[in-house]
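Reading through the structure tokens given below for one structure.
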Amino acid sequence: MYDLERRISGDWIDLREAGKDQYTLIEHLGMSSQALETLAEELRRAVEEGLIEYKGMILRRTFITLEAVQFQSVRFEELRAREQPLKDLVFVILLQRLLCSGVIPLPNSKVGETLAAEDIEVNAVLADVRNRIKRDPNFQKHPFVKNIFVQLAIYQKEKKKMGELLPTIKADKRDVFRANFGATFRHIFDSIKKNYLDILNEEEARRMEKESKQDLLYRVPLKDLSPFLATQAQAICRLCSTLSFAREDKYKTRAVLVNLYKQRDDYLKRVENEQRVYRTLCAEIGLIGNSDCPPRLNNRLRDELIRVLERVSKVEETP
48 MYDLERRISG DWIDLREAGK DQYTLIEHLG MSSQALETLA EELRRAVEEG LIEYKGMILR
108 RTFITLEAVQ FQSVRFEELR AREQPLKDLV FVILLQRLLC SGVIPLPNSK VGETLAAEDI
168 EVNAVLADVR NRIKRDPNFQ KHPFVKNIFV QLAIYQKEKK KMGELLPTIK ADKRDVFRAN
228 FGATFRHIFD SIKKNYLDIL NEEEARRMEK ESKQDLLYRV PLKDLSPFLA TQAQAICRLC
288 STLSFAREDK YKTRAVLVNL YKQRDDYLKR VENEQRVYRT LCAEIGLIGN SDCPPRLNNR
348 LRDELIRVLE RVSKVEETP
């Protein structure tokens, strides 16, 4: 049917163009903050098989409705009830594609609580550094640690000098004398704190790098998944457009829907094959024999999509 194919083609072209970034896609589909939060919750409930579980669930529910059409009159309200979940599914797939293609950046590892210089006591810094040296004598060779002890030696020297000179200073000039040495001491303490913060920041950077290397999303070549997701999204968009067309046109509806049901296995296979693609990605990083890698990647992608949905839902909130 020419009109149906034109509808399918037009819907996909519009969706593909809107799918170049998440915000245009959300606007195109008219998704509210509440809808995004609900979608995040639905993904969160897919605890056994992650994204594949969610995608398969939406498709199976659709084909249960289509199966019933073969034996009873078409109930258009049931067709309408299946359209929004399919639109949500296309949205999730395109959002996943944006994530895999790098348009939506992966998050940095969770940054630990950072300290400000004013929150640090110099005595606490010195105590921590000395304890670390007791546990690992090589720690005293660290450049920042050396700087701390250089500044400590300067402080001790200046403090001794102040004590020696103070008795020779006239009473009316001692406040200025102490203020001058106080400024020197503050400069020394600031330097000690800065070097200590540099140590902590360096350690935090190493921790974040280690976590990133352990995260499958950073290890596997996610961009290789993008073509598969584009094809998957186009197929689901076709299914949704056909349902909408059948409901709105109401001409030869049963024939259209019966023919659609005959394609059930092909549609379900498009989701099931995602697991195969995950296995290929795992194999590319040397985890071909690790049966745990594909399901972990599947769940990790689900978790990241939940994070993205929660973030964009806040942007879509009405002020």
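Just so we're aligned, residue 48 is where the sequence shown starts under my numbering, counting upward by one. Where is the CB? At the ideal position from N, CA and C, for every residue including glycine.
Legend entry - Inter-residue spacing [alpha-carbon to alpha-carbon] between E96 and L136: 16 Å
Inset, instruction - Look at the Cβ atom of L98, then the Cβ atom of R358, and state whether they are nearer than 8 Å. - result: no
Inset, instruction - Spatial neighbours of L212 within its chain, please: CB distance less than 8 Å, with the 5 preceding and 5 following residues excluded, ordered by chain position. - result: F224
Legend entry - Close Cβ partners of E351 (< 8 Å) along its chain, the five nearest in sequence each way excluded: L146, L153, P154, L264
Inset, instruction - Whole angstroms is fine: what's the gap from R127's alpha carbon to A252's? - result: 51 Å
Legend entry - Straight-line Cα distance separating L86 from V362: About 15 Å.
Inset, instruction - Measure the C-alpha to C-alpha separation of E74 and L142 and round it to an integer number of angstroms. - result: Distance from the CA of E74 to the CA of L142, rounded to the nearest whole angstrom, comes to 13 Å.
Inset, instruction - Flag this pair as yes or no: are the beta carbons of C284 and L62 separated by less than 8 Å? - result: Note that the C-beta distance between C284 and L62 is below 8 Å.
Legend entry - Buried or exposed (CB count within 10 angstroms, at least 16 for buried), T289: With 16 or more Cβ atoms within 10 Å of its Cβ, T289 is classed as buried.
Legend entry - Given 8 Å, three or more beta-carbon pairs between the region 106-122 and the region 298-308: Output reads yes: the region 298-308 touches the region 106-122.
Inset, instruction - Please state whether DSSP places D41 in a helix, a strand or coil. - result: No statement about residue 41 is possible, as the shown extent of the chain runs from 48 to 366 and does not include it.
Legend entry - Contact belief for L83 with S360 at Cβ below 8 Å, rounded distance in angstroms: Contact flag correct, Cβ pair sits at about 4 Å.
Inset, instruction - Could I get the ranges of all uninterrupted alpha helix (DSSP H) runs contained in the region 230-298, with 4 residues as the minimum, in chain order? - result: 263-266, 273-296
Legend entry - Local conformation of I332 per DSSP, three classes: I332: coil per DSSP, three-state reduction.
Inset, instruction - For R294, collect the residues of the same chain with a Cβ closer than 8 Å to its Cβ; drop the 5 residues on either side in sequence, then sort them by chain order. - result: F123, L126, R127, E130, T300
Legend entry - Burial state of N170, where buried means 16 or more other Cβ atoms lie within 10 Å: exposed
Inset, instruction - For the region 186-194 and the region 242-250, state whether three or more C-beta atom pairs, one from each stretch, are separated by less than 8 Å. - result: yes
Inset, instruction - Name the two residues that bound the continuous alpha helix (DSSP H) containing S148. - result: 123-148
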